[in-house]
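Trainee: With the numbering used here applied, the sequence shown closes on residue 502, and no number is skipped along the way.
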Amino acid sequence: MNSLVLRGVAVDFGLTDEQDLLRATARKFVADVCPAEKAKQWDEEGVVPPELFRGMADLGWFSLPFAEDEGGDGGGPLELILIAEELGRASFDVAMCYIGVLIPGITVFRWGSEAQRDFIREQVMTGRHRLAVGLSEPDSGSDAAALRTTAEDHGDNFLVRGQKAWCTGGGLPDTTIATYVRTGPREPKHGGISLLLVDPATEGVEVRRTPTLARHILGTNEVFFNDALVPKENLVGPRDEGWKVMLSNIELEKVIISGGYLGAAQATLDEMLDYARNRHAFGRPIGNFQALAHAMADLQTEIDSARLLAYRAAWLLAQGKPCTREGSMAKLKGSETYVAAARLGMQVCAGHGFSTESVMSFRYRESIVATISGGTSQIQRNGIARSMGLRSY
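Have a look at this one:
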């Protein structure tokens with residue numbers, strides 16, 4: 110990729126030899142372990158095959174972002190986005206099998222006790238154990254600080270009561286749920302929140318799978334807490350300062366998620382291009398008709414624009430520079446581009462795409478939630494507007 114000038118500094122998006130090798134390795138992993146056809150099958154069966162997580166762990170991807178002197182490999186945001194982009198070619202849900210473990214792992218390692226950091230090193234970095242996040246609730250999604258799940262002081266434990274919703278991957282075996290709870294007063298709104306590590310096998314905890322249109326590999330869950338006792342040693346970071354803990358990696362999460370959208374959108378375009386080159390009508394490939402050719406040319410432009418936004422945000426993070434606005438732009442553009450790609454793919458593939466046997470029908474189902482999960486498009490626009498001096502709510 111060419112250099113561009115950002116805030117007076119030349120930014121070079123050309124990849125190093127190591128980054129090129131990482132991308133090639135990730136692409137081969139997808140081709141060998143989780144091609145789109147297999148991801149579709151897993152989605153329909155609602156299963157996570159053990160070779161998926163095991164393969165990621167064997168390649169060292171779960172330890173990649175941690176410092177070398179902490180047992181990691183010292184990778185940065187650009188390396189992470191490259192992996193997410195390639196995994197997204199299989200499906201965004203496959204990419205989330207990586208992202209959904211990585212982000213809470215980084216958060217716990219940054220804020221946790223030495224015992225919790227050892228847990229991340231020995232269990233999460235090695236792929237033996239997974240983390241999921243319990244944040245949203247039936248009445249608090251975009252307004253995350255409105256959460257109502259409580260954790261009352263109960264001697265050596267917290268007594269947890271409440272309910273979480275849309276907990277991705279929380280029902281899988283060998284998973285701990287990083288759960289945001291209210292340990293203090295509701296005012297000020299963003300205070301009194303803490304992060305607890307909760308074992309779903311704890312008495313009083315019930316996990317129920319939520320039927321959804323797609324994203325069936327990891328699965329989406331409700332989690333009920335009925336007087337569940339959680340040891341105080343499971344508190345991550347300062348008590349009542351969980352909002353700060355949650356925000357500490359939100360830009361990184363947006364950047365890596367954007368990579369997953371990019372890969373899914375590019376694969377969707379590649380699939381419709383292949384169909385458009387081979388499907389003939391009126392004596393020629395349908396891709397040669399200007400109406401479709403221009404639409405696909407516009408889509409490739411949109412995907413490349415989304416990639417530049419995502420890589421720019423990753424570069425800023427790697428330099429230790431603020432990127433709240435840029436991260437929101439990357440998430441907004443990446444998610445909406447995936448939705449647009451899947452919609453166009455259905456139109457180009459026509460009846461073939463409408464058949465549930467096609468990968469395109471899988472892309473279409475999966476893409477719909479992209480502009481909702483991980484921060485809605487409306488929330489991203491609010492953040493961008495605030496960076497421009499505007500208050501949209």
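All C-beta atoms, glycine included, are put in the ideal place defined by N, C-alpha and C.
Based on Cα-Cα distance, which residue from Ser-200, Met-497, Leu-189 and Leu-130 lies nearest to Lys-147?
Mentor: Ser-200
Trainee: Can Arg-239 and Leu-281 be called in contact, C-beta distance under 9 Å?
Mentor: Less than 9 Å separates the beta-carbon of Arg-239 from that of Leu-281.
Trainee: So what does DSSP say about Pro-282, is it helix, strand or coil?
Mentor: coil
Trainee: Fully enclosed by the region 196-265, which beta strand (DSSP E) runs are 3 residues long or longer?
Mentor: 239-243 and 259-263
Trainee: Distance check for Gly-185 and Gly-429, CA to CA, integer angstroms please.
Mentor: 11 Å
Trainee: In terms of DSSP beta bridges, what is Ser-303 paired with?
Mentor: Val-290
Trainee: Using the C-alpha atoms, what's the distance from Ala-274 back to Asp-536?
Mentor: With the chain covering 110 to 502 only, the question about residue 536 has no answer from this structure.
Trainee: Between which two residues does the beta strand (DSSP E) carrying Ala-423 extend?
Mentor: Where Ala-423 is concerned, there is no enclosing beta strand (DSSP E), although the alpha helix (DSSP H) around it starts and stops at 399-427.
Trainee: Tell me whether the beta-carbon of Gly-278 lies closer than 9 Å to the beta-carbon of Gly-369.
Mentor: no
Trainee: On a CA-only basis, which of Arg-500, Met-381, Arg-270 and His-263 is nearest Phe-463? Give me that one, please.
Mentor: When only C-alpha atoms are compared, the closest one is Met-381.
Trainee: Taking 6 Å as the limit between beta carbons, can you name the residues of its chain near Asp-407, skipping five residues before and five after?
Mentor: none
Trainee: Over what stretch of residues does the alpha helix (DSSP H) that includes Val-354 continue unbroken?
Mentor: 351-356
Trainee: Closest by CA to Gly-264, which one among Glu-153, Pro-340, Ile-359 and Ser-172?
Mentor: Pro-340
Trainee: Mind checking whether Arg-452 and Tyr-473 have CB atoms under 9 Å apart?
Mentor: The Cβ-Cβ distance between Arg-452 and Tyr-473 falls below 9 Å.
Trainee: Got a sec? Which residues, its chain only, sit under 8 Å from Gly-214 by beta carbon, not counting five neighbours each side?
Mentor: Excluding sequence neighbours, Gly-214 sits near Phe-171, Ile-229, Val-233, Met-234 and Leu-240.
Trainee: Which term fits Gly-372, buried or exposed, when burial requires 16 or more other beta carbons within 10 angstroms of its beta carbon?
Mentor: The residue in question, Gly-372, is buried, as its Cβ has 16 or more Cβ neighbours within 10 Å.
Trainee: Applying the criterion that 16 or more other CB atoms from any shown protein chain within 10 Å of the CB defines a buried residue, is Val-217 buried or exposed?
Mentor: Buried: at least 16 other Cβ atoms inside 10 Å.
Trainee: Identify every run of the alpha helix (DSSP H) within the region 134-195, keeping only runs that are complete inside it and at least 4 residues long; order them along the chain.
Mentor: If we require 4 residues or more, the alpha helix (DSSP H) runs fully inside the region 134-195 come out as 145-154 and 159-167.
Trainee: In the DSSP assignment, find the alpha helix (DSSP H) that holds Ala-449 and state where it starts and stops.
Mentor: Per DSSP, Ala-449 belongs to the alpha helix (DSSP H) from 433-463.
Trainee: Could you name the residues of the same chain whose beta carbon sits closer than 8 Å to that of Thr-284, not counting the 5 residues immediately before and after it, in chain order?
Mentor: His-238, Arg-239, Leu-240, Ala-241, Gly-278 and Pro-309
Trainee: Compute the beta-carbon to beta-carbon distance between Leu-304 and Val-354, rounded to the nearest angstrom, for a pair I have assumed lies under 8 Å.
Mentor: 5 Å
Trainee: If you follow the beta strand (DSSP E) that Glu-315 is part of, which residue opens it and which one closes it?
Mentor: 314-318
Trainee: For the region 151-168 and the region 425-441, state whether three or more C-beta atom pairs, one from each stretch, are separated by less than 8 Å.
Mentor: no
Trainee: Let's see if you can read the secondary structure: which residues bound the alpha helix (DSSP H) around Asp-379?
Mentor: 359-387 is the extent of the alpha helix (DSSP H) around Asp-379.
Trainee: Are the CB atoms of Cys-276 and Val-203 within a distance shorter than 9 Å?
Mentor: no
Trainee: Report yes if the CB atom of Lys-363 is closer than 9 Å to the CB atom of Ala-427, and no otherwise.
Mentor: no
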